[in-house]
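S.K.: This is the structure, below, for whatever I ask next.
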Amino acid sequence: MAPHGERTREKANVDTPRTSVVLVGRNPTPALLSALTLPHDHLVLLCSDDTLQAAHRVAEAVRARTAPASVHVASVGPDPHDPKSVRDRLRILEGLREGRPWYLDYTGGTKIMSVAAALLHEQALPPDRHPRAPAWRLYLDPRRDLLRTADPDHPGLPVDTAHVDLAALAGVHGSHWIEDRDPEPVRLVLQGGTQALDARHPRLGPAARRGIVAEARVLAHLRRHLRRAPDTEVLGPRRVADPARPGDSVADFDAVVRHRHRVLCVEAKTRPGDVEARAGWTVAKARRVFGNAVSVLFVHTGPARPRLREAMLEHNPALNARNTHVWSLDDLLRRLSSFDDLRSAFFPGLDPAPLRPCAHAPPPACPDPPERHPGPETAPAMVTALGGSRLGTLTAVHAHRPARTLILSSHQGMREHVREAAARTLHRAEHPDAPPADAAHLKEHGYRDRVRFGADPVDGSDVHAVASGAHTWISAQNGRPALVDLTTGTKAMSLGLALAARHSGACATYQLARERTLICLTHGRLPLPDRAAVDWSLVLTGHTPLHGPLSADPLHVDAPLLEAARTALTRATTAHVQTWVDTTLADPDRAHTARERPSLVLTCGDRALGLTAPAWRLRRPHDRRTRRVSPGAWAQSVHAATLHLNLRCDVAGTVLALTRPGGDVGRARELVDWITHTPPGAGTTEPRITFDDPLRPLVLAADPGDPPAPLHTDLASL
5 MAPHGERTRE KANVDTPRTS VVLVGRNPTP ALLSALTLPH DHLVLLCSDD
55 TLQAAHRVAE AVRARTAPAS VHVASVGPDP HDPKSVRDRL RILEGLREGR
105 PWYLDYTGGT KIMSVAAALL HEQALPPDRH PRAPAWRLYL DPRRDLLRTA
155 DPDHPGLPVD TAHVDLAALA GVHGSHWIED RDPEPVRLVL QGGTQALDAR
205 HPRLGPAARR GIVAEARVLA HLRRHLRRAP DTEVLGPRRV ADPARPGDSV
255 ADFDAVVRHR HRVLCVEAKT RPGDVEARAG WTVAKARRVF GNAVSVLFVH
305 TGPARPRLRE AMLEHNPALN ARNTHVWSLD DLLRRLSSFD DLRSAFFPGL
355 DPAPLRPCAH APPPACPDPP ERHPGPETAP AMVTALGGSR LGTLTAVHAH
405 RPARTLILSS HQGMREHVRE AAARTLHRAE HPDAPPADAA HLKEHGYRDR
455 VRFGADPVDG SDVHAVASGA HTWISAQNGR PALVDLTTGT KAMSLGLALA
505 ARHSGACATY QLARERTLIC LTHGRLPLPD RAAVDWSLVL TGHTPLHGPL
555 SADPLHVDAP LLEAARTALT RATTAHVQTW VDTTLADPDR AHTARERPSL
605 VLTCGDRALG LTAPAWRLRR PHDRRTRRVS PGAWAQSVHA ATLHLNLRCD
655 VAGTVLALTR PGGDVGRARE LVDWITHTPP GAGTTEPRIT FDDPLRPLVL
705 AADPGDPPAP LHTDLASL
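The sequence shown begins at 5 in this note's numbering and counts up one residue at a time.
Here is the structure:
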C-alpha cells in the first residue's frame with residue numbers, strides 16, 4: 005500500500021488538468037496567448053473548417069516556442085453553428101483523456117461553439133466531483149490581460165507573454181516578412197549617417213532621401229530608449245509577403261514595436277498631408293497583420309500641424325482615436341525619452357478597476373428541458389441580451405412571440421427606442437396584415453408591457469451575474485414555458501443565459517440568420533416562422549430613406565454605378581425593397597467621409613444589402629486638390645463600409661462593393677481578400693450575393709449600362 009503522502013500527491017495529480025482545449029476563431033491571437041499561458045502537457049486547438057489554417061498556425065507557433073507533450077488540431081466540421089458537432093468532438097477528446105479534468109478556453113470560435121463547449125465542460129466536470137472546475141473554464145479579458153474564470157477565489161490568470169514575439173503574432177495571422185532585416189539604405193544611415201547614404205546612393209531623389217532619413221531617425225530613437233525595456237521588441241522597416249503574388253509585398257511598416265503582446269506600428273511621413281491620406285490603409289494593414297491589439301503612430305517631419313489628428317479622424321470615422329496617434333518628429337524626440345514614456349503614451353496600464361468576485365451561479369439543480377420546444381403558440385417567457393447590433397434583439401422577439409420579454413443590457417448597450425421598436429416588431433409578427441402601430445396603440449394594447457429591460461445594467465464580462473439575474477426572472481414566471489435567446493451580447497452574456505436556461509429547465513436558442521433557422525441547444529434546428537418586420541430606422545443609424553434618385557459628389561462615390569445597381573436589384577426582387585442613403589453624402593462638410601460607409605442600403609424583410617462604390621479620385625479636404633486613390637486605400641474604404649454595416653446588422657447584412665471594369669480592379673480585389681482573410685483563389689467561382697460571411701464583401705466590376713448577373717438577384721430569395 006502506498007504511503008499517505010504519495011497517495012495525496014497522486015490524487016492531486018489526478019485532480020489537476022494536464023490537457024487544455026482552446027477554441028480558435030478568426031482572430032487567433034487569444035488562442036496563442038492562452039496556449040502559451042495554461043500549464044498543460046497536452047494542447048487541443050478546436051476550430052471549424054473555416055479557421056483550420058489559423059489553428060495550424062497557432063499550433064506551429066506553440067511547438068516552436070514551448071515543448072508540450074502533444075499539440076493536436078481538431079475541427080468541428082464545416083458548420084461552426086452546430087452545437088451537436090461541437091459536443092460530439094469534445095466527447096471524443098474527453099474519452100482520449102480517460103475522464104481526467106481539462107482546461108477550456110472558450111474565447112475563440114463562434115458563439116455557439118463557445119456556449120456548447122462551456123456547457124459540456126460544466127456537465128463533464130460537475131462541482132460535486134470537481135469543486136475546482138469553475139477555475140478551469142476561462143476566457144480572455146482584453147481590458148485586463150487576464151484569463152478570467154468563474155471561480156470567485158481564483159478569478160483570473162495573468163497572460164504569460166514570455167514566449168511571444170512579433171514573428172509569432174504576425175505568423176498566426178498568416179503573415180511573414182520578406183526579409184527579416186533592416187533595408188540597406190536605413191542601415192547606412194543608422195551606421196554612418198547621411199554621408200554614408202549619399203556615398204552609396206549619390207543619385208537618390210530628394211523626396212526618397214528625406215523619407216529614408218526620417219525612417220532612420222525614428223528607428224534610432226526608438227531603439228536607443230527601448231533596447232533594455234523588459235518584454236519589448238523593436239524592428240525596423242519590414243515588408244509583408246503577398247500571399248497572392250510570391251515575391252511581392254502586400255504591406256510595409258517603417259518600424260514595429262512590441263510590448264508583451266501589444267503592438268505599435270510606426271509610419272514616418274515627410275509631409276503632414278500624407279498622414280491624412282494614408283491613415284485608413286495603414287490602420288487596416290496593421291490590424292490585418294497583428295490583430296486587434298495594435299496601435300498606429302504616424303510621425304511626420306516639420307512643425308506640428310494644428311488639428312491634424314482631428315482632421316484624420318473626421319476623414320475616416322472608422323478609425324479609433326484611442327489607437328491612432330499623430331506626432332511630429334520633434335514631438336517624438338522630445339516627449340519619448342524612456343520606456344515609461346512609451347508605455348504611458350501607447351501601452352497604457354491595464355484596467356485599474358479591481359476584478360470583482362463573480363456572482364453566485366444559479367442553484368445546481370438542473371430540471372429536465374421540455375419535451376417539445378416552446379414555440380410561439382405557447383406564449384413563452386423569453387430572456388435575451390442587447391448587443392452592439394440591436395437587430396438580433398428585434399428578430400428574437402419576432403422569432404419567439406413571447407408573452408413576456410426581459411432584455412439584459414451592459415453599460416455599453418444602446419437602449420434608446422429599443423423597447424418601443426421591439427413592441428412594434430411583436431405587433432407586426434402577430435398582426436401581419438394590420439397597419440403599423442403607433443406608440444399609443446402599443447401602450448394601450450399592452451405590447452410595451454410585454455417588453456422590459458433589466459432594472460440595472462449587467463457586467464457583460466461576468467458570466468454568473470448574467471446567469472443569476474436571468475435565472476431569478478425565469479423562476480418568477482410561475483411555470484410559464486421559458487427560453488433564452490443567445491444571439492446578441494458578449495460571449496460571456498450568452499453563456500450566462502445558457503447556464504440560466506440549463507438550471508431552469510428552459511431552452512437556449514440561437515438565430516442563424518444566414519439560413520433563417522433557429523437553433524435550440526436541446527431540440528436542434530427549427531425553421532423560423534417567417535421574415536421579421538424590422539424597424540430599420542433603429543438599426544441603420546446614419547442612414548435615411550431615399551425616395552428619389554441618388555445624387556452625390558463624383559469625387560467621393562460613383563453615384564451612377566450605385567443607382568444602376570439599386571435599380572437592377574429592386575426590379576429583380578419580388579418583395580418590397582426600401583432604400584436607405586448615407587446622410588453624409590448630402591452634407592458638404594462631411595461628404596469626404598462617405599467613402600468609408602455604405603452609400604446605399606437595400607432592406608428586404610430582415611435582410612440588408614449595403615452598396616458601396618468608392619471613387620478612384622479623392623479631393624483632399626484641407627487644400628481641395630484631387631489625387632488618384634491607391635488600390636490599398638480603395639480596399640480599405642470597402643473594408644470600413646463592411647465593418648460599418650456589420651456593426652449594425654451583424655450576420656443579417658452583407659456588402660456589395662462596386663467598381664467599373666479596368667484600372668486597378670484586380671489588385672483592389674486581391675487587397676480586399678487579404679484584409680478579410682480570404683485565401684487566394686477562394687473567390688474564383690461565379691460571383692453571387694450571399695449572406696454566408698458578413699465580413700467578406702463581394703467585389704464586383706460592373707458597367708452601369710449593362711449590370712452583370714449578381715445585380716439581377718431576387719433579394720427576397722436570400
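C-beta: ideal position from N, C-alpha, C; glycine also. Treat the numbers as computed from the prediction; the structure is a model and nothing was measured.
With distances taken Cα to Cα, identify the nearest neighbour of A443 among S24, P436 and R452.
M.R.: R452
S.K.: If you draw a straight line from the alpha carbon of V48 to that of V28, how long is it in whole angstroms?
M.R.: 10 Å
S.K.: Is W106 helix, strand or coil when you go by DSSP?
M.R.: coil
S.K.: Drop a sphere of 10 angstroms on the beta-carbon of N482, count the other beta-carbons inside from all chains shown, and report buried for 16 or more, exposed for fewer.
M.R.: exposed
S.K.: Quick check on the burial criterion: 16 or more other C-beta atoms within 10 angstroms. Buried or exposed for R652?
M.R.: Residue environment for R652: buried (at least 16 other C-beta atoms within 10 angstroms of its C-beta).
S.K.: Opposite I523 in the DSSP bridges: which residues?
M.R.: Paired residues: Y514 and R529.
S.K.: Please classify V676: does DSSP put it in a helix, a strand, or coil?
M.R.: helix
S.K.: Which same chain residues end up closer than 6 Å to T20 when comparing Cβ atoms and leaving out the 5 residues on each side of it in sequence?
M.R.: none
S.K.: At the level of alpha carbons, what is the spacing between A245 and H180?
M.R.: 6 Å
S.K.: Determine the DSSP secondary structure at E14, reduced to helix, strand or coil.
M.R.: With a pLDDT of 37 at E14, under the threshold of 50, the predicted position of this residue should be treated as unreliable, and no value is reported.
S.K.: Mind checking which residues open and close the alpha helix (DSSP H) that includes D586?
M.R.: Per DSSP, D586 belongs to no alpha helix (DSSP H); it is in the beta strand (DSSP E), Q582 to D586.
S.K.: What are the residues that DSSP puts in a beta bridge with F302?
M.R.: E271 and V330
S.K.: Quick one: what's W181 bridged to in DSSP?
M.R.: V244
S.K.: Determine which residues share a DSSP beta bridge with C51 and list them.
M.R.: S79
S.K.: For D184 and G240, what's the separation of their Cα atoms in angstroms?
M.R.: The alpha-carbon separation between D184 and G240 amounts to approximately 9 Å.
S.K.: Terminal residues of the continuous beta strand (DSSP E) containing P162?
M.R.: G160 to P162
S.K.: So is A16 buried or exposed if we call it buried at 16+ other beta carbons inside 10 Å?
M.R.: In this predicted model, A16 has a pLDDT of only 44, less than 50, meaning its place in the structure is not dependable enough to derive any value.
S.K.: If I follow the unbroken beta strand (DSSP E) through D489, where does it start and stop?
M.R.: A486 to D489
S.K.: To the nearest angstrom, how far is the alpha carbon of V581 from that of A572?
M.R.: 12 Å
S.K.: Are V422 and L446 touching if we call contact CB-CB under 8 Å?
M.R.: no
S.K.: Let me check one thing: in DSSP terms, what residues is A661 bridge-paired to?
M.R.: According to DSSP, which records beta bridges pairwise, A661 is partnered with T616 and V703.
S.K.: Measuring straight from C-alpha to C-alpha, what distance separates P87 and A120?
M.R.: 6 Å
S.K.: Tell me the rounded alpha-carbon separation between P210 and D252.
M.R.: For P210 and D252, the distance between alpha carbons rounds to 25 Å.
S.K.: For E10, which residues from the same chain have a beta carbon less than 6 Å from its beta carbon, with the 5 sequence-adjacent residues on both sides left out?
M.R.: Confidence is the limiting factor: at E10 the pLDDT is only 38, short of 50, which leaves the residue's position unreliable, though a coordinate-based value still follows. Contacts found: none.
S.K.: Spatial neighbours of A71 within its chain, please: C-beta separation below 6 Å, excluding the five flanking residues on both sides.
M.R.: none
S.K.: Using a 10 Å radius around the Cβ and a threshold of 16 neighbouring Cβ atoms, would you call E219 buried or exposed?
M.R.: buried
S.K.: Measuring alpha carbon to alpha carbon, tell me which residue in G284, P105 and H329 is nearest A128.
M.R.: P105
S.K.: Distance check for L622 and D718, CA to CA, integer angstroms please.
M.R.: 33 Å
S.K.: Out of curiosity, what's the CA-to-CA distance linking P714 and G277?
M.R.: 39 Å
S.K.: Closer than 8 Å is the cut-off here; do at least three beta carbon pairs connect the stretch 372 to 386 with the stretch 398 to 411?
M.R.: yes
S.K.: Quick one: measure Cβ to Cβ for A474 and L412, integer angstroms, because I've assumed they're closer than 8 Å.
M.R.: 7 Å
S.K.: When we look at the beta-carbon of I1 and count the other beta-carbons within 10 Å, is it buried (16 or more) or exposed?
M.R.: Because the chain is modelled from 5 through 722, residue 1 falls outside the range shown and cannot be assessed.
S.K.: Could you check the C-alpha separation between F294 and A174 for me, to the nearest Å?
M.R.: 5 Å
S.K.: What residues match up with D235 in a beta bridge as DSSP calls it?
M.R.: Paired residues: none, contrary to the question.
S.K.: So which of H449, H648 and L123 has the shortest CA-CA distance to T597?
M.R.: H648
S.K.: Considering P276, what are the terminal residues of the alpha helix (DSSP H) in which it resides?
M.R.: P276 to F294
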